[in-house]
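K.L.:
Number of protein chains: 2
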Amino acid sequence: MREVAVVGVGMTKFGRSEFKSQLELFGEATMDAINESQLKPKDIQALFVGNANGDINEGITVLASHAAAEVGLNHVPAIKLEGACSSGTVAIVNAFMWIAAGYADIVLAAGCERNTVTPTPDATRLMNSGNHHRYEAGTGITFPGLFAMMAHMYAHKYNIPLPQLKEYMCMVSMKNHKNGAKNPKAQFQKEITREQYMSSAMIATPLQMFDCCPISDGAAAMVLTTTEIAKKLTDKPVKIVGVGQASSGGLSTQKDYSRPIAREISVQKAYKMAGLTPKDIDVVELHDCFTIAEIVATEGLGFFDFGKGAYALEKGETQMTGRIPVNPSGGLKSKGHPVGATGVAQGYEIVNQIRGICGARQVDGAKIGLTDTLGGPFASVANIIYQRGW
Amino acid sequence: MREVAVVGVGMTKFGRSEFKSQLELFGEATMDAINESQLKPKDIQALFVGNANGDINEGITVLASHAAAEVGLNHVPAIKLEGACSSGTVAIVNAFMWIAAGYADIVLAAGCERNTVTPTPDATRLMNSGNHHRYEAGTGITFPGLFAMMAHMYAHKYNIPLPQLKEYMCMVSMKNHKNGAKNPKAQFQKEITREQYMSSAMIATPLQMFDCCPISDGAAAMVLTTTEIAKKLTDKPVKIVGVGQASSGGLSTQKDYSRPIAREISVQKAYKMAGLTPKDIDVVELHDCFTIAEIVATEGLGFFDFGKGAYALEKGETQMTGRIPVNPSGGLKSKGHPVGATGVAQGYEIVNQIRGICGARQVDGAKIGLTDTLGGPFASVANIIYQRGW
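So the protein lines, in turn, are chains A and B. Residues in the first sequence are numbered consecutively from -9, following my numbering. Residues in the second sequence are numbered consecutively from -9, following my numbering.
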């Protein structure tokens, strides 16, 4: 397999896009990534777009072809990939394969989504399309409900009283809002207090409003190429050294919601390919769609023993200056979660962390970073490991 | 790049599936393909599913993960790809890349769709999602309308009176129905007469009912592996020797609907990769969503000069015994067009033609075959060349 490197990244501000369509958001992020790469649209040989809900909420199929035309890509192969919340990472993984295989030399992976156009009742139905449409979506389960069950199972399994677990979940929320306050592209750039957290509206016991990431619009993009070509284009070398992906079925096929099996399989593939272990990772962007999801993810990714992720928060181990800084961008919680864009935006953050250009939210000396996305009812996970240097 | 071979194919009967969901159809085709490969589900390392409309018509996202679980694939990476009517071919192309890259050894590419559940007015809206959602879908253009314009442009450009062009379009319809009558998996297994064709309902001038392919349900699947592994699994060797894909924007970006630019770019990539020319192709399955589309495709794929595809029909050159047999399966017109499954079903036919097991519709001595899918407003094209032997 040929080595693959990143030579440019771009990202819109996340939040509510009242007037720009998802394709216009795509164009904004993509042109930033292409310009940063010192390339022109005509240099791009293939396009991979992660998008989860465009079909349902804007009635659009063959989105990737329209996206390619939007930025003047010259009739390139244009591929839309969908794996719910993992869509963006899946786009990067497949872009990686085309270069690794030797079929293309310079490709663009992107993600875009515009979900705030959907009114709240429809948004619940839209998100719920990620549950098994035939056997589970109709039961009344929603994603806040699903992750509420994850919290209950975690509390029960590890014998942590719910009020105590809530304190740890509050720490996740406060940490990510604190990080996001330093990210000019975050949807929410404001710290929150414990009092605000505890008094926020109950959504699905024990999840309150500040446990939940927002509905967002946004796009992110990344230009990938061979290490050889990258050496000529950039002096800020970042390689992709490991990719992993795995799946599972709906909720009824899973025994323990506090340990999504797809994540454990996916990330081990990525570690194995990179020849690295969790101890080697300097910074991680992971799937904190709900605060409990961050706790569970830090365990599944191998940073803490199972049942110990909550206690790690108490010790500040996932803070910016802790042992393994988690979600320096603010994560989905504070930066926002435009579904198809999320995995690519995680890549944007990690690449810039490795380049050392994240300013107030820079993780000191970050050389190796991991991204993690969890889609549907824990049904699609994809992970990527980025590393500095040739 | 590693060489890639096909070791198993499967396909449901196309038509109306009243009781089986698209995932059940997927399971049926997939288990046939896996069984034919002498493999077990646990041997499959990744899954690629082409599906165009599942989001809109059955409200399902993360379909590929649920599909993997449906047949007991063991937590494999599961990827849904969408490029409107080219979705199935795009799934095979990306499956090919994972093996070519050396990242996976045995993968499954499939396509599924269930569109007859959608009532006719909604079906028009559903299909129309393939047009540019923002600038064109709302203008009243429909796909029959689009291909009617293609027919008018073709007639005008090459100075063929419409009644004369209609005779050639009738020959396409009669040929494909004649071929489909010999295909036990075709939606329509019945020949039609010129009189039936000419007296059928007008849909969009000059397209009548027998110029249009049907709305269909169905699935198809293909197991791909390295040539080395394939040698141990099958004595009916079929390799994938060329893949190509290309895109274009909406109608407003295209000058000549009688020459979809994406097809010409895509198929040239496939020919170049295979080191072959149109003269080397023994059999082709191409995108005859409407009869005029077959005429235009035979030119774009290089079998006839531009403007001469219509006259080739008169000479019988695309008949089973002609110079280049086109759509021996019956094509979309007679076999049916379950959108996401179509490209994989074309692969099913070509693989079996190369194996020489197509019985009454066997093309004598077929060794090299081409597939062709055209998605959206001529916006996504993918082509694959299959060849006999190691």
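C-beta atoms are modelled at their ideal positions from N, C-alpha and C, and glycine is treated no differently. What you are looking at is a predicted structure, and each value in this text was computed from that prediction instead of being measured.
Contact check, ASP207(A) vs ARG6(A) under 8 Å by CB: the rounded distance?
P.N.:
Locating residue 207(A) in the first sequence gives position 217, counting from the first residue. Locating residue 6(A) in the first sequence gives position 16, counting from the first residue. Indeed, because the Cβ distance is near 6 Å, the residues count as touching under 8 Å.
K.L.:
Mind pulling the chain A residues with CB within less than 9 Å of GLU72(B)?
P.N.:
Indexing the second sequence from 1 puts residue 72(B) at position 82. Residues of chain A passing the Cβ test: ASN41, ASP45, THR51, VAL52, LEU53, ALA54, ILE69, LYS70, LEU71, GLU72.
K.L.:
Taking Cβ to Cβ, would you say PHE38(B) is nearer than 8 Å to LEU71(B)?
P.N.:
Working through the second sequence from its first residue, we reach residue 38(B) at position 48. Working through the second sequence from its first residue, we reach residue 71(B) at position 81. Yes; because the gap between Cβ atoms is below 8 Å, this pair is in contact.
K.L.:
Does TYR93(A) have its Cβ less than 8 Å from a Cβ in chain B?
P.N.:
Here residue 93(A) is taken as the residue at index 103 of the first sequence, counted from 1. Chain B, which has a Cβ nearer than 8 Å to the Cβ of TYR93(A), makes this yes.
K.L.:
Using CA coordinates, which residue listed in LYS175(A), ASN43(A), ASN84(A) is at the minimum distance from ALA19(A)?
P.N.:
The count along the first sequence starts at 1 and reaches residue 19(A) at position 29. Checking every option, the nearest Cα to that of ALA19(A) belongs to LYS175(A).
K.L.:
Ends of the alpha helix (DSSP H) at PHE133(A)?
P.N.:
Position 143 of the first sequence, counted from the start, is the residue given in the question as residue 133(A). 133 to 147 is the extent of the alpha helix (DSSP H) around PHE133(A).
K.L.:
Residue range of the beta strand (DSSP E) that VAL97(B) falls in?
P.N.:
Position 107 of the second sequence holds residue 97(B). Where VAL97(B) is concerned, the enclosing beta strand (DSSP E) stretches over 96 to 104.
K.L.:
Give, in chain order, every unbroken run of the beta strand (DSSP E) that is at least 3 residues long and sits entirely within the stretch 160 to 239 of chain A.
P.N.:
Within the stretch 160 to 239 of chain A, the complete beta strand (DSSP E) runs of at least 3 residues are 192 to 194, 207 to 216, 228 to 237.
K.L.:
Which runs of the beta strand (DSSP E) at least 3 residues long sit entirely within the stretch 264 to 313 of chain A? Give them in chain order.
P.N.:
Those beta strand (DSSP E) runs which fall completely within the stretch 264 to 313 of chain A and span 3+ residues are 273 to 275.
K.L.:
With 8 Å set as the bound, which would you pick, yes or no: does the beta-carbon of ASN84(A) sit closer than that to a beta-carbon of chain B?
P.N.:
Locating residue 84(A) in the first sequence gives position 94, where the first residue counts as 1. True, the Cβ-Cβ gap to chain B drops below 8 Å.
K.L.:
Looking at the unbroken alpha helix (DSSP H) that takes in ASP22(A), where does it start and where does it end?
P.N.:
Counted from its first residue, the first sequence places residue 22(A) at position 32. Its alpha helix (DSSP H) spans residues 12 to 26.
K.L.:
In chain order, what residues of the same chain lie with their CB nearer than 6 Å to the CB of TYR148(A), ignoring the 5 residues before and after it?
P.N.:
Translated into the one-based positions of the first sequence, residue 148(A) becomes position 158. Taken in chain order, the residues that qualify are GLY297.
K.L.:
What is the C-beta distance between SER383(A) and GLY290(B), in whole angstroms, given that I count them as a contact (C-beta under 8 Å)?
P.N.:
Outside the displayed span of chain A (-9 to 380) sits residue 383(A), for which this structure offers no information.
K.L.:
In three-state terms, what does DSSP make of ASP45(A)?
P.N.:
Position 55 of the first sequence, counted from the start, is the residue given in the question as residue 45(A). Helix, per DSSP.
K.L.:
Going by DSSP in three states, VAL(-3)(B) sits in which element: helix, strand or coil?
P.N.:
The residue given as residue -3(B) occupies position 7 in the second sequence. If DSSP states are grouped into helix, strand and coil, VAL(-3)(B) belongs with the strands.
K.L.:
Just reading off the beta strand (DSSP E) that LYS70(A) is part of, what are its end residues?
P.N.:
Reading the first sequence from its first residue, position 80 is the one you call residue 70(A). From DSSP, the beta strand (DSSP E) with LYS70(A) extends over 68 to 72.
K.L.:
Which residues of the stretch 209 to 239 of chain A have a Cβ closer than 7 Å to any Cβ of chain B? Give them in chain order.
P.N.:
So the list reads GLN235, ALA236, SER237, SER238, GLY239, given in the order they occur along the chain.
K.L.:
At the level of alpha carbons, what is the spacing between ILE340(B) and GLY359(B)?
P.N.:
Indexing the second sequence from 1 puts residue 340(B) at position 350. Indexing the second sequence from 1 puts residue 359(B) at position 369. Going from the Cα of ILE340(B) to the Cα of GLY359(B) covers about 6 Å.
K.L.:
Please confirm whether ILE255(B) has its beta-carbon closer than 8 Å to some beta-carbon of chain A.
P.N.:
Position 265 of the second sequence holds residue 255(B). Closer than 8 Å: yes.
K.L.:
Going by DSSP in three states, ALA369(B) sits in which element: helix, strand or coil?
P.N.:
Mapped onto the second sequence, residue 369(B) falls at position 379. Here ALA369(B) sits in coil by DSSP.
K.L.:
Checking 8 Å against the spacing of the C-beta atoms, do ILE46(B) and LEU98(B) come in under that value?
P.N.:
Locating residue 46(B) in the second sequence gives position 56, where the first residue counts as 1. Locating residue 98(B) in the second sequence gives position 108, where the first residue counts as 1. No, the Cβ-Cβ distance between ILE46(B) and LEU98(B) is not below 8 Å.
K.L.:
Tell me which same chain residues have a C-beta within less than 6 Å of the C-beta of VAL(-3)(A), skipping the five on either side of it?
P.N.:
The residue labelled residue -3(A) in the question sits at position 7 within the first sequence. Excluding positions up to five away in sequence, the list reads SER27, VAL213, THR215, ALA220, LEU223, THR224.
K.L.:
Suppose you measure from the CA of ILE69(A) to the CA of GLY73(B); what does that come to, to the nearest Å?
P.N.:
As a first step, residue 69(A) is located in the first sequence; it is residue number 79 there, counting from the start. As a first step, residue 73(B) is located in the second sequence; it is residue number 83 there, counting from the start. Roughly 6 Å separates the two Cα atoms.
K.L.:
What are the boundary residues of the beta strand (DSSP E) that includes VAL39(B)?
P.N.:
The residue given as residue 39(B) occupies position 49 in the second sequence. 36 to 40 is the extent of the beta strand (DSSP E) around VAL39(B).
K.L.:
Within 8 Å of any Cβ in chain A, is that where the Cβ of MET310(B) sits?
P.N.:
By one-based count along the second sequence, residue 310(B) stands at place 320. No, MET310(B) does not count as interfacial toward chain A.
K.L.:
In this structure, does DSSP put LEU63(B) in helix, strand or coil?
P.N.:
The residue labelled residue 63(B) in the question sits at position 73 within the second sequence. Coil.
K.L.:
Give me the Cα-Cα distance between GLY130(B) and ASN373(B), rounded to the nearest whole angstrom.
P.N.:
Here the question's residue 130(B) lines up with position 140 in the second sequence. Here the question's residue 373(B) lines up with position 383 in the second sequence. Approximately 30 Å between the Cα atoms of the pair.
K.L.:
Just how far apart, CA to CA, sit SER319(A) and GLU275(A)?
P.N.:
In the first sequence, counting from the first residue as 1, residue 319(A) sits at position 329. In the first sequence, counting from the first residue as 1, residue 275(A) sits at position 285. SER319(A) and GLU275(A): Cα-Cα distance of roughly 8 Å.
K.L.:
How close, in whole Å, do the beta carbons of ALA210(A) and GLY101(A) come, if the pair is a contact with beta carbons under 8 Å?
P.N.:
Working through the first sequence from its first residue, we reach residue 210(A) at position 220. Working through the first sequence from its first residue, we reach residue 101(A) at position 111. The pair is a contact, with the Cβ atoms about 6 Å apart (cut-off 8 Å).
K.L.:
Please compile the residues from chain B whose C-beta is within a distance smaller than 8 Å of the C-beta of VAL97(A).
P.N.:
Here residue 97(A) refers to the residue found at position 107 when the first sequence is read from its first residue. The premise fails here: VAL97(A) is roughly 11 Å from chain B at the closest Cβ pair, so nothing lies under 8 Å.
K.L.:
Would ARG124(A) pass as an interface residue toward chain B - the criterion being a Cβ-Cβ separation below 8 Å?
P.N.:
By 1-based counting over the first sequence, the position of residue 124(A) is 134. Closer than 8 Å to some Cβ of chain B, the Cβ of ARG124(A) qualifies, so yes.
K.L.:
So what does DSSP say about ARG345(A), is it helix, strand or coil?
P.N.:
Here residue 345(A) refers to the residue found at position 355 of the first sequence. Looking at ARG345(A) - three-state DSSP - the assignment turns out to be helix.
K.L.:
In or out: GLY265(A) buried (at least 16 other Cβ within 10 Å) or exposed?
P.N.:
Here the question's residue 265(A) lines up with position 275 in the first sequence. Exposed.
K.L.:
Using 8 Å as the threshold, is the stretch 248 to 257 of chain A in touch with the stretch 281 to 295 of chain A, meaning 3 or more CB pairs across them?
P.N.:
Because the criterion of three Cβ pairs below 8 Å is met, the stretch 248 to 257 of chain A and the stretch 281 to 295 of chain A touch.
K.L.:
Please confirm whether ALA356(A) and ILE344(A) have their CB atoms less than 8 Å apart.
P.N.:
Looking up residue 356(A) in the first sequence gives position 366. Looking up residue 344(A) in the first sequence gives position 354. Closer than 8 Å, so yes.
K.L.:
Determine, using beta carbons only, whether ALA94(B) and ALA36(B) come nearer to each other than 8 Å.
P.N.:
The count along the second sequence starts at 1 and reaches residue 94(B) at position 104. The count along the second sequence starts at 1 and reaches residue 36(B) at position 46. Contact flag set, yes.
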